[in-house]
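If you're matching positions, the sequence shown starts at 1 in full-length UniProt numbering and goes up one per residue. Backbone N, C-alpha and C define an ideal beta-carbon position, used for all residues, glycine too. To keep things clear, I will list the structure first and then write my remarks on it.
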Amino acid sequence: MATHFRIANTDENDAARIQAKKVLKDPSLGKRAVLGELGNKVLKNIELGGKGKDGFKPSEPSFKNVKARVDTHWKKADVGGHKPITRSDSLKSINTIGAAVTALKQTNVAKTTATVKPKLVQVTKGAEIKKVKVVNLKREESRLTRRSLTKLKQIKKQSSSSSDVASTTSSSGRSSEDEEYHVEKKRDTPDTHSHKLLEGIENIDINDAWNPMLVSEYVNDIYKYLNDLEETFAIRENFLDGHKQINHKMRTILIDWINEVHYQFKLEIDTYHMTVSIIDRYLQLVTDTPKKELQLVGVTAMFIASKYEELFPPEISDFAYITDDTYKKKQILEMERQIVRVLDFHLGKPLPTHFLRRFSKAAKAADKNHLVAKYLIELASIDYGTAHYKPSEVAAAALYISLYLFPIAANANESKVWSKTLEHYTHYTVEQLTPVVQRLAKLVKSAPTMKVQAVYSKYQSSKFEKISTQPELHGTSLDALVEGKLVQ
Numbered sequence: 001m002a003t004h005f006r007i008a009n010t011d012e013n014d015a016a017r018i019q020a021k022k023v024l025k026d027p028s029l030g031k032r033a034v035l036g037e038l039g040n041k042v043l044k045n046i047e048l049g050g051k052g053k054d055g056f057k058p059s060e061p062s063f064k065n066v067k068a069r070v071d072t073h074w075k076k077a078d079v080g081g082h083k084p085i086t087r088s089d090s091l092k093s094i095n096t097i098g099a100a101v102t103a104l105k106q107t108n109v110a111k112t113t114a115t116v117k118p119k120l121v122q123v124t125k126g127a128e129i130k131k132v133k134v135v136n137l138k139r140e141e142s143r144l145t146r147r148s149l150t151k152l153k154q155i156k157k158q159s160s161s162s163s164d165v166a167s168t169t170s171s172s173g174r175s176s177e178d179e180e181y182h183v184e185k186k187r188d189t190p191d192t193h194s195h196k197l198l199e200g201i202e203n204i205d206i207n208d209a210w211n212p213m214l215v216s217e218y219v220n221d222i223y224k225y226l227n228d229l230e231e232t233f234a235i236r237e238n239f240l241d242g243h244k245q246i247n248h249k250m251r252t253i254l255i256d257w258i259n260e261v262h263y264q265f266k267l268e269i270d271t272y273h274m275t276v277s278i279i280d281r282y283l284q285l286v287t288d289t290p291k292k293e294l295q296l297v298g299v300t301a302m303f304i305a306s307k308y309e310e311l312f313p314p315e316i317s318d319f320a321y322i323t324d325d326t327y328k329k330k331q332i333l334e335m336e337r338q339i340v341r342v343l344d345f346h347l348g349k350p351l352p353t354h355f356l357r358r359f360s361k362a363a364k365a366a367d368k369n370h371l372v373a374k375y376l377i378e379l380a381s382i383d384y385g386t387a388h389y390k391p392s393e394v395a396a397a398a399l400y401i402s403l404y405l406f407p408i409a410a411n412a413n414e415s416k417v418w419s420k421t422l423e424h425y426t427h428y429t430v431e432q433l434t435p436v437v438q439r440l441a442k443l444v445k446s447a448p449t450m451k452v453q454a455v456y457s458k459y460q461s462s463k464f465e466k467i468s469t470q471p472e473l474h475g476t477s478l479d480a481l482v483e484g485k486l487v488q
């Protein structure tokens, strides 16, 4: 007959241990069960003389009374008429305390540094009830080093003393914050002009403060410096008069050939204008240049300008090749040393295109206006009669003709071509530009019949929108400019 053990008023797990010991001590109960069976289950319905394996009755499918053999020290019985505290309840209380600590982090410094009072939690061990102090530490405090804990204590002391001071200075702090806000608000829209603008003149750099490449804070000073440089490196009128072997016709042929080479090598437009500038400045200073070295001067000037302006300049062998090997590499290098010595290494003379970009921006010119002005500037570079004009004068005159012949759509109904804004940024009035405009108008009108056709042919291509063949450049409107009848 099977023996049934009943646990009363004691812990169920303790009763299981006592029963296991009885079974092991009694030899009549057979062999000890395997570790897996004994370690995870409590003996149930043990048969003293059972026929099953190892003296145990085969287990039934019902596991109603099976208990886990883990001593958790928690008791289900009521204690003092209160609800017993279970393991899950205690964990919930700890999580609640942790959530309260997290909420404290989001408050001000005085609240976060306040000390946390210990709380009492009831813990049962068997039939006994113990009260354990639970201290809620912050997450970051539990992992701090000694040095960090020392700093935290100092912060707590300072926060308690500074809480009173913060309440008294709150009103004054608000006023100081308002003042700082107004100061920074003014800095958001900096004045991009170096000097105060005159009334009625548009600030063309007001939207360029965000772009550091445009240096809007210094752009007016930069162009003032360029105006000074063009005065320093100016070309005098009839600068070839002192030469014995070279005349203005030879110069015109040389510049026309340079323009062809420049277009063939696909170089930048600034490279071409810098080449012309170096040639004229050198010929003005060296009056005994022989005729046979004129082409060498031109090739070497382009070689220098390419290294100055181009990202990937052509090799010196390419320049020797375009002269049909008339000059060797050694001769080009010797001429390069001679040119930079004569110019005293001052290669930074401003070019007409530098000023044209600025003036087109001031005029809000369209792409076609800018392209026509570039065409006029290249025609002026070949003409010996316009070589003594300053680059800014040539650029302003070319833009005036472009705006006169091709009015901007926004100003089509207005008769005024040269506005106050253009006068301010170009530093030229219409009266000052009249002689230069007349000279350029004559060049444009005679361009189809000129002996040198490099510039005219280049601007006949669709790449340049066939600007040189536009009817406006050969109509009656141009005749008024040739006669000097300029419109304000």
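C-alpha distance - residue i paired with residue j, whole-angstrom precision
i: T287; j: K244; result: 8 Å
i: F406; j: N369; result: 7 Å
i: A398; j: L376; result: 6 Å
i: T429; j: I278; result: 29 Å
i: K328; j: A395; result: 37 Å
i: A454; j: G200; result: 43 Å
i: L351; j: F233; result: 11 Å
i: D325; j: F319; result: 9 Å
i: R358; j: D367; result: 14 Å
i: V215; j: K361; result: 15 Å
i: L486; j: I408; result: 17 Å
i: T115; j: K156; result: Low confidence applies here, because T115 scores a pLDDT of 45, under 50, leaving its location unreliable and the question unanswered by this model.
i: T289; j: N247; result: 11 Å
i: Y321; j: Q295; result: 13 Å
i: L311; j: L267; result: 10 Å
i: Q284; j: F239; result: 6 Å
i: Q264; j: D241; result: 32 Å
i: F464; j: Q470; result: 11 Å
i: N211; j: N259; result: 34 Å
i: T323; j: W257; result: 11 Å
Check whether residue i and residue j have beta carbons under 9 Å apart
i: N354; j: P391; result: For clarity, residue 354 is His in the given sequence; the question names Asn instead. Yes.
i: V436; j: Q488; result: no
i: A447; j: L481; result: no
i: G484; j: T426; result: no
i: K451; j: Q460; result: no
i: L443; j: A365; result: no
i: Y308; j: L347; result: yes
i: V219; j: D208; result: yes
i: Y272; j: E393; result: no
i: K420; j: E230; result: no
Which of helix, strand or coil DSSP assigns to residue i
i: A480; result: helix
i: D318; result: helix
i: G298; result: helix
i: Y459; result: coil
i: Q488; result: coil
i: M450; result: coil
i: F233; result: coil
i: K367; result: It should be pointed out that residue 367 corresponds to Asp in this sequence rather than to Lys. Residue state, collapsed to three classes: helix.
i: V417; result: coil
i: Y272; result: helix
i: A395; result: helix
i: H354; result: helix
i: I206; result: coil
i: H243; result: coil
i: I279; result: helix
i: L254; result: helix
i: K153; result: helix
i: residue 489; result: Residue 489 lies beyond the stretch modelled for the chain, which goes from 1 to 488, so this question has no answer here.
i: Q248; result: According to the sequence as given, residue 248 is His; it is not Gln. DSSP places H248 in helix when its eight states are reduced to three.
i: H262; result: helix
Neighbourhood of residue i by C-beta, 6 Å cutoff - its chain only, sequence neighbours within 5 removed
i: S176; result: Its pLDDT being 43, under 50, S176 is placed unreliably by the model, and the measurement read from it follows with that caveat. The answer is none, since no qualifying residue turns up.
i: V372; result: S402, I467
i: Y456; result: A447, S468
i: H424; result: I201
i: K262; result: At residue 262 the sequence reads His, which differs from the Lys that was named. Counting only Cβ-Cβ distances below 6 Å, and skipping sequence neighbours, we find Y272.
Own chain partners of residue i with C-beta closer than 8 Å, once the 5 adjacent residues on each side are dropped
i: I339; result: I278, Y282, V297, T300, A301, I304
i: I316; result: F303, K329, I332, L333
i: residue 524; result: One cannot answer for residue 524 here, as it falls past the ends of the chain, which runs 1 to 488.
i: I235; result: D280, R281, Q284, A387, H388
Same chain, Cβ closer than 7 Å to residue i, neighbours up to 5 away in sequence not counted
i: I401; result: L376, V437, L440, A441, L481
i: A363; result: L399, L403, L422
i: E237; result: H388
i: M274; result: A305, Y308, E309, L351
Would you call the region 216-225 and the region 251-260 in contact, with 3 or more CB pairs under 8 Å? no
Between the region 200-212 and the region 335-351, can you find at least three pairs of beta-carbon atoms closer than 8 Å? no
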